[in-house]
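Asks: One structure follows; several queries about it will come next.
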Amino acid sequence: MTVILGQTFTGISIGAVLLLIALGLSLTFGQMNVINMAHGEFIMAGAYTTYVLQKSITGAGISLLVALPVAFLVSGALGALLEWLLIRRLYLRPLDTLLVTWGVSLMLQQLARDIFGAPNVQTRAPDWLTGNITLIGGDDPLTVANSRLFILGLAVAAVVALSLTLRLTPLGRRIRGVVQNRDLAEVSGISTERVDRTAFFLGSGLAGVAGVALTLVGPIGPTMGTNVIIDAFLVIVVGGIGQLKGTVIVAFVLGVLQSVLEYSTTVSVAKVLVLVAIVAFLQWRPQGLYTLRTRSLV
Amino acid sequence: MNLLKGRSARAAAGFAGAAALLFAVAPLLLSDFRLGLLAKYLCTAMVAVGICLAWGRGGLLTLGQGVFFGLGGYAMAMHLKIADAGPGNLPDFMQLYGTATELPWWWQPFANPLFALAATVLLPMAVAAILGSFIFRRRVKGAYFAILSQALAAAFAIWLIGQQATTGGTNGLTDIQGFFGYALDDPVNQRMVYFVIAAALLLLIALARQLVHSRYGELLVAVRDSEERVRFLGYNPANVKLVAYVVAAGMAGLAGALFVPAVGIISPAMIGIVPSIEFVIGAAVGGRASLVGAVLGAVGVAWAKTALSEEFPAAWTYFQGLLFIVALAFLPGGLASLVGLVRRRMASQATDSEETKPVVPVGEAA
Amino acid sequence: MTELAGLEIRQLRVSFDGFTAVDGVDLDVHPGDLRFLIGPNGAGKTTLVDAVTGLVRAEGSVLFGGDELLGRSVHRIARSGIGRTFQTATVFEELTVLQNLDIAAGAGRGMWTMLRRRRTVPESVARTLETVGLTELADSPAGTLAHGQKQWLEIGMLLVQDVRLLLLDEPVAGMSHDERQATGELLQRISEERTVVVIEHDMDFMRSFARSVSVLHAGKVLSEGTVAEVQADPQVQEVYLGHTAAEATADVTVQEA
Amino acid sequence: MDRTSGTSRYTIIGKLDARATTAPEGLLIPSHSVVLRDKGVLLSSVPSIHRRRFLAGTAAVTAVVALSACGAKTDSASSSDKAAKIDVSGDTVKVGLLNSLSGTMAISEVTVRNSLMLAIDEINASGGVLGKKVKPISEDGASDWPTFAEKASKLIKEDAVAATFGCWTSASRKAVKPVFEKNKSLLFYPVQYEGLEESPYIFYTGATTNQQIIPGLDYLKSQGKKKLYLVGSDYVFPRTANKEIRAYAKANGMTILGEDYAPLGSTEFSTIANKVKASKADAVFNTLNGDSNVAFFKEYKSAGLTAKTMPVVSVSIAEEEVKSIGPQYLADQLTAWNYYQTTEGAANEKFVKAYKAKYGQDKPTSDPMEAAYTSVYLWKAMVEKAKSFDPEKVKAASDGITFDAPEGEVTVDGASQHLYKTARIGKIGSDGLIEEVWNSGKPIKPDPYLKGYDWASGLS
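Protein chains in written order, with this note's numbering: chain A, 3 to 300; chain B, 279 to 644; chain C, 973 to 1229; chain D, 57 to 516.
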């Protein structure tokens, strides 16, 4: 029983990590249809930001909290820069965007290697994040790691913030307007260029936040982004393009599926099975879990 | 039809030139070592031929060619390992890491050289046919298709690594001694392997060229440009794409199979996401829609990788990244489009005088 | 030339996520008719055509020459002799005019023919090139054609397909007056041997060439008959912003211009 | 013996092993020594691969091909059978350095490259080898095994190096092994590995299993740890090591409660941490590699597991990795190696000082770096004893060569071409350094096939 509960929570926490890294993509890929393979490197930038901040701010807890907004800005700025330099030339060529941004991601990784060195770097987690909370005591205790709870909270907060932004603010309305009908938005006086760049800034900024969170559970190194990027894209694809709720549900479902399979088989087999399950799912619903049915598919 | 004749004549001349380069000039000029490298580059060029067909012509960004390359490579390598071990014996890696005392049933047919040879091409094609018929029928396309094929490449690589006892795990299959009875460490035989690869490449180019210029080739371009429209003409675009995908898979499989005797190793490192993308970059740089461009691009990029990483290892990564960016963002047609641009400019100067004004339809109803 | 066939639509209904775009349409198009479908934006005209050609799922019944179409896949419906164009001309821009027509003519070709090169111009393609007036431009890439020429090429592609029913979505939008005139005459010639349905906003064009007209409004057929009958229908006048027919028509044509 | 059978010899050893383990009667022949020592005798009884040549008329090959095939045939006394040519013409001698400078393995391999360069610089400063300066030729294996094979071949054939130093992963070593054997050129491999291998052209200067894993297990046993959990990355070294650990446990009354593998580069360890925790093992034996260690230890700590309640013995975490994981997560955990930065002795003080002076005060030294550093000096000693750069003569001179290495004295075992090394168990301190808590007292004789251990008889 403890095992089942434990694994369920593990699944949820894996899902929270997935959600956090996929959330930025739900904006850039889901809303704007840009396949940005360098998204993983924006996550990396967020993680390195934490590392750099810890050099000047000694308190591990404070530096982590400071790192959240700073990483958001750093990665966001990188994203806006990338949009301005390259992506805006490529909106009509999504596949080329994929390969171009892959090239960008290679260069950013090498840049990180040249600046911070090839080995992973370490950050310190504050003490209140390294412990755990005991949910069920006794001989076979069920504990939940503080860091995982923190990430879960962060993911939920990010989802709420993003959906409120999209729904309530003028910026959100403009983004949705541009997504739904670019030409109409343009003639009604919205600068699509600015909206594109802002949306990209937000999406990439969220990657930076995810990077800060990842320092709590994983390595901080030049290749940390590539390790997660495909999973993140799969979450969006399965969830349905442009569907925040699809992204949320799928992240948690895949997390739980992964943890259950990992427990009953091995990590490698679980990974393969999850991928096979995704392919099978897309056979059933090629447009993902949630889709807006549009009037004309042409 | 003079134009057609002129084109065929030019193609024939091109083939003769390429054959002379590959079969006479290169072996004379290059040392055994460099010739071996060229053999390896030609293998990636074979994959590029398939990518040119599927992506350049059909618009299918196949980011999972590593899977098919690997299937072909493992089929070939496993046969050679079994042959090296001799009848009744297990290949060396199975003795080291395995627990079984005999070959698993699914490897057993590979002891037969004919089966193995056929499998190097047919196995990838069969896998592509099954995958493709699912994926295309459900109209998974564009970016979805690209991401899905990447995921499959990742899954296949992880699976292979996990099966150490029967596939050699991360090591892959190494230390291959013979190639259908011929010792591979003999430079003469190594040179023959090169010739076989060069011949196979020319053959694949000829095959792809025939496909590109056939009615099917025109239809494939039509599907790339507007799948929906083709559907309204009464074709099933899924089948059109499937053919290109399966042919490309077969080419990657053959390339993988020939890579094994040329390099002496096949491993999951040739299968995952990164190598799969690297297969694409050559074609992209040279010109995805042009066979010659894709082939030269693949060889050029592979050569640049060796040359640059010999001199400046870190620079290679930057250079590779830049290649992607420049080739795709600013020169989507690849280097081949530069040639086309020049040719078109010359042609347009000739025809500029004839004004093309709208013509009102006349004549009988059909 | 195959025999003429008509279209019989019964209680056709299409809805997206609760919004009903086509709401129980009954429509008969007689063999050899040149029918115009008109109606304000969002009336369901394009969705109706989408449903007939299998692009969207629909309930009800669509009989073509007596065969049920609903439930068939797009390319099967196409093979049964129905062709359509789209609001924006979709020709294969990278292929030549000749190649465009050749592909359109070849849906039934066998594997072997497909894998070989096209050595000659098929007879039906040559004839259609004449019909739509593009013989001179046969070897030009379709992407370089003028807007009107692309529309004719698209119609030509339907002709070589030898379809029995042409569904044309705003074929003269953006054309000059001369081009409209020429297109209208082309459609009249075509409709002698095939059934033609045209979605159109241009009332002048409709008045000059329509043999019969159906007015759609809010997913339903509001009125049906000859041009004169429909224009006289008070319901139709009501729909066009409550104006009289003449005003309404003027209004629409101004929008188009 | 002609050249032909000369090259085939090494294949044949492999084949004999095959026969030995899969004899039809199902009998296992554990006596590797017999096979190796009596290779001359056994050789004659086994057919070698026929060195047939493609015939001129081979199908599907054009006339041009056929012509050049004939041309090649005429000078069929080809070069591959000769020992690799070594360029000693000038006043320098070239050596190859083959490490991953890019890709996932660059993290570790760059440090090995650094210490190789340090050793070469020191040797050149003191006059070189046989009066010649050592000129390093650098190649990037790019963390990709076929690239390793390609670069190895380039170093031997194009650069005519006297010896090559490098490789880290077993996969890269397996990829280059045939290249070095076929070209009869020497490779010095500086990393601890899974054993079960001897190549006549490779010198193994890192630990084999009986110098690292078995001492690690011995230590756990002496501490009364009876129930183990095995965690490793999914590749050759962990899988083979765990096979040996299982055999050891069976013979020593220990139980293995679980065995889990994560794909290389995997960074999600919550499930494995849960499993480990639920097993209530006495200790964990960790063969994870690279990035995965970071995620594993972060998760391990989050699950409330500590070195006190359930210590982890790691065999792939050296000072460099401690630095990137953070002592916060590693404090008091155990490692098994042959060298630590803190190892006592003048040789090590000199090494650490020189390394930091060259590469920076914050750079730690570790076991593979030390083994790499040592390997260059060992090669120098062998060459000087042989008075020649010829690989065959260097090999012949190797037995008994000793060197006062930073890890203490090491001696080359000529038969296996491994080193006698002292095993050391260390405890990770909160300062990021590793303190030795136990050592084997004297260098352990290398035993790559574990022939000296009865319980290991079924392993190879």
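A virtual CB, placed ideally from N, CA and C, is assigned to each residue, including glycine.
1) Would you kindly report the start and end of the unbroken alpha helix (DSSP H) that includes B/THR445?
2) With distances taken between CB atoms, is the gap from D/ILE481 to D/TYR304 smaller than 9 Å?
3) Once you ignore the five residues that flank A/ASN148 on each side, which residues in its own chain have a CB closer than 8 Å to its CB?
4) Whole angstroms is fine: what's the gap from D/ALA115's alpha carbon to B/LYS359's?
5) Is D/LYS282 helix, strand or coil by DSSP?
6) Our contact map puts D/THR478 next to D/ILE500 with C-beta atoms below 8 Å; I'd like the distance itself, whole angstroms only.
7) Going by the beta-carbon positions, is the gap between C/THR1167 and C/ARG982 smaller than 9 Å?
8) Given a limit of 7 Å on CB to CB distance, which residues of the segment 372-397 of chain D reach chain A?
9) Starting from the C-beta of B/GLU505, find all residues in its chain whose C-beta is less than 6 Å away, skip the five residues before and the five after it, and write them out in chain order.
10) By alpha-carbon positions, which one of D/GLN268, D/LEU153, D/ASP177, D/GLU315 ends up nearest to D/ARG169?
11) In this structure, what does DSSP give as the bridge partners for C/GLY1197?
12) Leaving out the 5 sequence neighbours to the left and right, which residues in its chain are closer than 7 Å to D/PHE293 when beta-carbon positions are compared?
13) Alpha carbon to alpha carbon, how far is D/SER454 from B/THR448? Give it in angstroms, no decimals.
14) Reducing DSSP to helix, strand and coil, say where D/VAL435 ends up.
15) Inspect the CB distances between the segment 276-284 of chain D and the segment 496-513 of chain D and report whether three or more fall short of 8 Å.
16) What's the C-alpha gap between D/ILE518 and B/PHE473?
17) Is there at least one Cβ from chain B nearer than 9 Å to D/TYR245's Cβ?
18) Quick one: list the residues of chain B neighbouring D/LYS238, beta-carbon separation under 7 Å, in chain order.
19) According to DSSP, D/ASP196 sits in a beta bridge with which residue or residues?
20) Under a three-way DSSP split, which group does C/ARG1090 fall into?
21) How many Å lie between A/GLY179 and A/PRO172 at the Cα?
22) May I ask you to verify whether the segment 1138-1148 of chain C touches the segment 1112-1127 of chain C, counting CB pairs closer than 8 Å and requiring at least 3?
23) Within 10 angstroms of its Cβ, does C/GLU1210 collect 16 or more other Cβ (buried), or is it exposed?
24) So the candidates are D/MET425, D/SER348, D/GLU463; which of them puts its Cα closest to the Cα of D/THR399?
25) Given that a residue counts as buried once 16 or more other Cβ atoms are within 10 Å of its Cβ, and exposed if not, what is B/ILE408?
26) Would you kindly work out how many angstroms separate the C-alpha atoms of B/SER427 and D/ILE301, rounded to a whole number?
27) Please report the straight-line C-alpha distance between C/GLU1151 and C/VAL1104, rounded to a whole angstrom.
28) On the premise that C/PRO1094 lies in contact with C/ASP1074, defined as a C-beta separation below 8 Å, what is that separation, rounded to the nearest angstrom?
29) Kindly indicate if chain A contains any beta-carbon less than 9 Å away from that of B/LEU606.
30) Of the choices D/THR296, D/SER289, D/ALA307, D/ILE312, whose alpha-carbon is the least far from that of D/SER322?
31) In the segment 1075-1099 of chain C, which residues sit with their C-beta less than 8 Å from some C-beta in chain B, listed in chain order?
32) With a cut-off of 9 Å, does the C-beta of B/GLY410 fall near any C-beta of chain A?
33) Verify the CB distance criterion: does D/ALA297 have a CB-CB separation below 9 Å to chain B?
34) Cβ atoms of A/LEU92 and A/VAL106: under 9 Å apart, would you say?
35) Going by C-alpha to C-alpha distance, which of B/GLY337, B/PHE557, B/TRP385 sits closest to B/MET529?
36) What is the DSSP secondary structure of D/LYS336, counted as helix, strand or coil?
Replies: By the coordinates alone:
1) 442-445
2) With a cutoff of 9 Å on beta-carbon distance, D/ILE481 and D/TYR304 are scored as not near each other.
3) TRP130, LEU131, THR132, GLY133, ASN134, ILE135
4) Because D/ALA115 carries a pLDDT of 36, less than 50, the predicted location of this residue cannot be relied on, and the following value inherits that uncertainty. Going from the Cα of D/ALA115 to the Cα of B/LYS359 covers about 24 Å.
5) coil
6) Rounded to whole angstroms, the Cβ separation of D/THR478 and D/ILE500 is 7 Å, and the two are in contact under 8 Å.
7) no
8) So the list reads GLU376, LYS379, SER380, ILE381, GLY382, GLN384, given in the order they occur along the chain.
9) So the list reads PRO515, once near-sequence residues are dropped.
10) It is D/LEU153 whose Cα lies nearest to the Cα of D/ARG169.
11) C/VAL1185
12) SER226, TYR249, GLU250, THR343
13) 32 Å
14) Note that residue 435 of chain D is Trp in the sequence shown, not Val. Reduced to three states, the DSSP call for D/TRP435 is helix.
15) no
16) Since the first and last residues shown for chain D are 57 and 516, residue 518 of chain D lies out of range.
17) Not one chain B Cβ lies under 9 Å of D/TYR245.
18) ASP463
19) D/ASN155
20) The answer is coil: DSSP assigns C/ARG1090 none of H, G, I, E or B.
21) 10 Å
22) yes
23) exposed
24) D/GLU463
25) It is exposed - the Cβ of B/ILE408 has fewer than 16 other Cβ atoms within 10 Å.
26) Those two C-alpha atoms are separated by around 39 Å.
27) Cα to Cα, the separation comes out at about 12 Å.
28) 7 Å
29) yes
30) Out of D/THR296, D/SER289, D/ALA307, D/ILE312, the CA that lies nearest to the CA of D/SER322 is found in D/SER289.
31) Answer in chain order: ILE1075, ALA1076, GLY1078, ALA1079, GLY1080, ARG1081, THR1085, MET1086, LEU1087, ARG1088, ARG1089, ARG1090, ARG1091, SER1096, ARG1099.
32) No, no contact with chain A.
33) no
34) no
35) B/PHE557
36) Shown here, D/LYS336 sits in coil according to DSSP, grouped into three states, outside any helix or strand.
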